[in-house]
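Below is one structure, written out as structure tokens, with a few remarks after it.
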Amino acid sequence: MGRDAGRLSLFLLFTPFVLWIGLLIVLPQIGIGYVSLREKIGINEFSFGLKNYADFFNEPIYRNTLLRTAWISILVTALALVIGFPVAYYIAKIAKERSRAALFLMCLIPLWVSDLVRAYGWIVLLRETGVISTVLLRLGIISTPIEMLYNDVTVIIGLVYTVILFMIVPLVSTLQGMDDALLEAGYNLGGSRFTVFRRIIVPYAMPGIVAGCIITFMLTAGSYLTPVLLGGKNSSWFTEQIYNQFITRYNWEAGATFGVLLLLFTSLVVWAGLMLTGQSLATTVAKD
Amino acid sequence: MTSILRALLGGTAIALLAGSANAETLRLLTWGSYAPDELVQKFEEEYPDIDVEVTFSNNEEMIAKLRATGGTGFDLAQPSHDRVYAAQTEYNIYKPLDLSKIDVDKMTPKLVEGVKANTTIDGEVYSVPHQWGTSGIMANIKEAPDAKGWGDLCDPKYKGRTSMRLRRTILLGMGYALGYDPFSLYDDKAAYQEMLDKVTAKLIDCKQIIKTYWTGGDDLSALMLSGEVILSETWDSTAFKIYAENPDIVFIPPETGALAWIDTFTLPRGGQADDAAYKWINFVLRPENVKIMSASTGSLAAVPNAVELLPDDKRAAVEAAFHDRDIENLKFFANIPPGLEDMEGIALERIKAASN
Amino acid sequence: MSNGAVRDDAPPSTATEGPAMYDLSCSRVTKKFGAFTAVSDVSLDIPSGSFFSILGPSGCGKTTLMRMIAGFETPSEGDIKIKGESVVAVPPNRRNVKMVFQHLALFPMMSVGENIAYGLRCRGESRAEIGKKVAGILDRVGLPGTTDKRIEQLSGGQKQRIAIARCMVLEPDVLLLDEPLGALDLKLREHMKIELKLLQHQFETTFLYITHDQSEALVMSDQVAVMNAGRFEQIGSPKALYDAPVSGFVAGFVGDANCLPGTIADMSGTEARVMLDDGGAVVGTVSDGSTVGDAVELFLRPEALSLRDGEDGMRVAGTVDSLLFNGANSRILVKIDTGQMIEVADPSHTAAMAEGDPVSVSWRPERARVFARRTR
């Protein structure tokens, strides 16, 4: 009786989780994978094969866009880490208890508005007749308006701004768990600031670094609005290609193929990153 | 366990039925500004048992949405006239209209015939016209007084001051500018591809001239009104709206002819409120409602005295833009044969990916 | 009450021996945090190779003092010298004082060997040299072959030894230990006390040990400084502190004592008759400047009391309240007739006693110490 009740409550507890994983993650992926293997012959006529994948590899535009997307995403991830680490360190270790919450909230503010609004915020700031250009002009620092939109630097800035929180949060939570005595021990045993940073802080924060990097990389590679809106005429972003295939070309097969490739490729990059830094998911993200 | 499940499902079904029995819902899938609040309220007052739900979209997304659901989820869609035939034959997402339930006699006969010709499949008519308009160029005549055709968008003297939307319209427009007649090439894929290659090369060259590709009406308005862009591809309705704020910015029908589109009324195959949909169609055809609609869309309704029913400022903008010979010279979009969009898609991607 | 350090048996003065004989000297060190004075005018000299403890309740400033010696805090006033050299301006990583932290602060992401090698690597020693030294120190602390173990694989006592090894491999002038036994369970703590003492003998390094546990301080130390409210109350050998405390605080804090509050009624020499607050009068020896009429406390060590008849000195009657058996540490709790409870040592756990038996408690007046009453 008691065991049955226990089993039932376990079942009830797990049902939402299983449904969520099954219906919202596994099933759509299977669907996408299925569609990607479908070759269109004529109207409502299909056969199965790898033609969609062959098409991808034969078209340099797609390959290059994917590589470009991955490369910029890696750059964004690295910048987010370099900028986010000191911020996280300050929040976790230096800031007073009371200001810590306020600082954390400040980092959260960008997430309170949608991607679109955030991108338009940057546009208002950076456009030729935008705030920054106008102010510089008025101060006499520049003589003609400058356009700061529609280039890769802007896209990278916008993306870093969007994803940096997802770097900071895991870093703060790992760094908060670090006993200050570890740092003092590091100095006491003769370590310089740099040694303490490199041999104690960074290895200690490694789970947070790995988690943050994976999240930011995946978010960046999968982002759509920021690169498209800020990149203007020169933004080639892989998610835009997927959108185009699905929406403007009605080519679900190619769109699905691109989706599968994006997932595989980003997973590959993450795996390679873990290998290169000698980390594994088991010793970092999944560590308790 | 199963009996509980069945009871739950039954209960849910009853709740759903009860909910839908009270008030009918008309789910519109349409363009931004094609369902002004004022009009929706008026309609709901007249038919208290109908709720109107509006989803704003564009041609591509309308088709993608309906394709994903097999034509369900909406009761009335408004695709452009050239986008109905291929979508219907390929994806079977629409159902034929019952013309007897529509006040067709209140519409401009020429437009009705045109849309019918485009959207008749197996003897059944799928669409009737609603609003029509054109795509062309828009210029700030103080700064670009000589602009008169699609080709001017790529004129080096406007370097960094022009814009366009990277969609199929600009491919067609540039085709005209290069001396082709794209619609007559629709059935000859090889010839069309040859034209596309030329257009692609031209637009890749053009990339260093233009400032950016605009993506929507708001985006385009900001570029023009701020003065960052002085010459752009545009929808006439957007140009008319901007004219109200800055009369230096006018719509110019390109000398090769403005590209004309007609947005239609079309019933999705899985629509559940056909009667409400017909009521809406007839409702917005009434002159007093056409006025409200046109004030919102900035386009012309498919009714004989459409221009007179425009608000004053928009009428002035139309009159400043169009002359009789421009109307004569309109190039109506022809039905897109299957496969063409794929060719155009590749061309657009090449242009987007090209760097300079 | 004594102010500042009272050194009743301080080591020979620096004037005759020269400063170099002290591994660590603090002179008039003061540390203020805003308006709060954590450490006030503290001086100490620790001879080379000795085991020196600072004993005090939590919040007395002992940790702040240690952090100043390690370099994590800068003194507001005064000077700190290591081997005769002032280190106040030297950053913590350049001081040859190593520290065993309260929770040890072993680096969890490094193996045992890496933990020990950390300091050597910071010094830039060669790989071969480091390997040799790590193996050597692990041998000396009795954990050979644990180089590749992870920290979480070690037991509490092993971690302790690794933390000490990590410092000792650097051959520090002084090893600071900040209550390192606090986290251990009782049995292990007792064991580690002895082990620490042995290690200190083995390394012949100066240990400065901080604790709030008087038994740790008494068992291990050559010298103990009792600290209270930022000041040293007394510095001396454990025996001196125990037998000849200079203040009520020391008498109460070091070792067990029965404490009877009262007022001095009259005195002859240092012998005073104290009227207890709860009634009755007892005789003890005044050990500070207290005089007739002063509020005082009378401290009685349990082992200074006797229940046998026929002893000389002070005697009060009472009844056995309970028998507290604890092996060699057994006590008898006696309720004396004036109402107070008194613990009497009973190392041989006299079988004849039973609860409710009438007894008389006696002591020699010179073993009952009278001090000015502690402020609370």
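Taken in sequence, the protein lines are chains B, G and Y. 1 is the number of the first residue of the first sequence in our numbering; add one for each residue after it. 289 is the number of the first residue of the second sequence in our numbering; add one for each residue after it. 645 is the number of the first residue of the third sequence in our numbering; add one for each residue after it. A virtual CB, placed ideally from N, CA and C, is assigned to each residue, including glycine. The structure presented is a predicted model; accordingly, all values stated were derived computationally and were not measured.
- Within 7 Å of the CB of P736 of chain Y, the CB atoms of chain B belong to Y187, N188, in sequence order along the chain.
- Within chain B, not a single residue places a beta-carbon under 8 Å from that of K777 of chain Y; the smallest gap is close to 13 Å.
- DSSP places R315 of chain G within a strand segment (E or B) once states are collapsed to three.
- Using a Cβ-Cβ cut-off of 9 Å, R638 of chain G is close to I61 of chain B, given in chain order.
- Rounded to whole angstroms, the separation of the alpha carbons of T707 of chain Y and F680 of chain Y is 15 Å.
- Against R810 of chain Y, the close residues of chain B are A185, L189, in the order they occur along the chain (beta-carbon pairs closer than 9 Å).
- A5 of chain B has its alpha-carbon roughly 52 Å from the corresponding atom of L79 of chain B.
- Contact annotation: A642 of chain G and L459 of chain G have beta-carbon atoms that are not nearer than 8 Å.
- A564 of chain G is positioned such that its CB atom lies closer than 8 Å to that of D363 of chain G.
- The residue from Y:S669, Y:V1014, Y:N902 with its alpha-carbon nearest to that of K725 of chain Y is Y:S669.
- Taking C-beta separations shorter than 7 Å and ignoring five residues to either side along the sequence, the partners of R100 of chain B in its chain run I91, following chain order.
- Of the candidates B:Q29, B:A54, B:P28, B:I30, the residue whose Cα lies closest to the Cα of E39 of chain B is B:A54.
- In the DSSP assignment, G186 of chain B falls within the alpha helix (DSSP H) that extends over 180–188.
- According to the DSSP secondary-structure assignment, G933 of chain Y is paired through a beta bridge with no residue.
- Boundaries of the beta strand (DSSP E) harbouring G880 of chain Y: 875–880, taken from the DSSP string.
- Taken in chain order, the unbroken stretches of beta strand (DSSP E) that lie wholly in the segment 864–916 of chain Y and span 3 residues or more are 867–872, 875–880, 902–912.
- In the structure shown, R3 of chain B falls within a helical segment according to DSSP collapsed to helix, strand and coil.
- Checking the DSSP bridge columns, you'll see G424 of chain G partnered with G:T522.
- At least one C-beta of chain G is nearer than 8 Å to the C-beta of N244 of chain B.
- For the options B:S36, B:L8, B:L19, the alpha carbon positioned closest to that of A254 of chain B is the one of B:S36.
- In this structure, DSSP gives S9 of chain B a helical state, which the three-state scheme calls helix.
- Q984 of chain Y sits in coil when the DSSP states are folded into three classes, being neither helix nor strand.
- For I200 of chain B, the nearest CB of chain Y lies under 8 Å from its own CB, placing it at the interface with that chain.
- Between S236 of chain B and chain G, the shortest Cβ-Cβ separation is below 8 Å.
- In this structure H845 of chain Y is exposed. Its beta-carbon is surrounded by fewer than 16 other beta-carbon atoms within 10 angstroms.
- Measuring C-alpha to C-alpha distances from V270 of chain B to each of B:N234, B:L261, B:Q245, B:M218 identifies B:M218 as the nearest.
- Taking S702 of chain Y as the centre and dropping the five residues before and after it, the same chain places the C-beta of H856 closer than 8 Å to its C-beta, in chain order.
- Nearest C-alpha to N973 of chain Y among Y:A1012, Y:K837, Y:R945: Y:R945.
- Taken through DSSP and simplified to helix, strand or coil, V785 of chain Y comes out as coil.
- Ranking G:E607, G:D337, G:W420 by CA distance to the CA of W549 of chain G puts G:W420 first.
- With a contact defined as Cβ atoms closer than 8 Å, P170 of chain B and A211 of chain B qualify at about 4 Å.
- T216 of chain B and V124 of chain B have their C-alpha atoms spaced approximately 25 Å apart.
- From the beta-carbon of G232 of chain B, the residues of chain G found nearer than 7 Å are T500, Y501.
- Under the criterion of beta carbons closer than 8 Å, V538 of chain G and A427 of chain G qualify as touching, at roughly 7 Å.
- The alpha carbon of P719 of chain Y has as its nearest neighbour, out of Y:G728, Y:V732, Y:K727, the alpha carbon of Y:V732.
- Counting C-beta atoms within 10 angstroms of its own C-beta, I381 of chain G has 16 or more neighbours from the protein chains shown and is therefore classed as buried.
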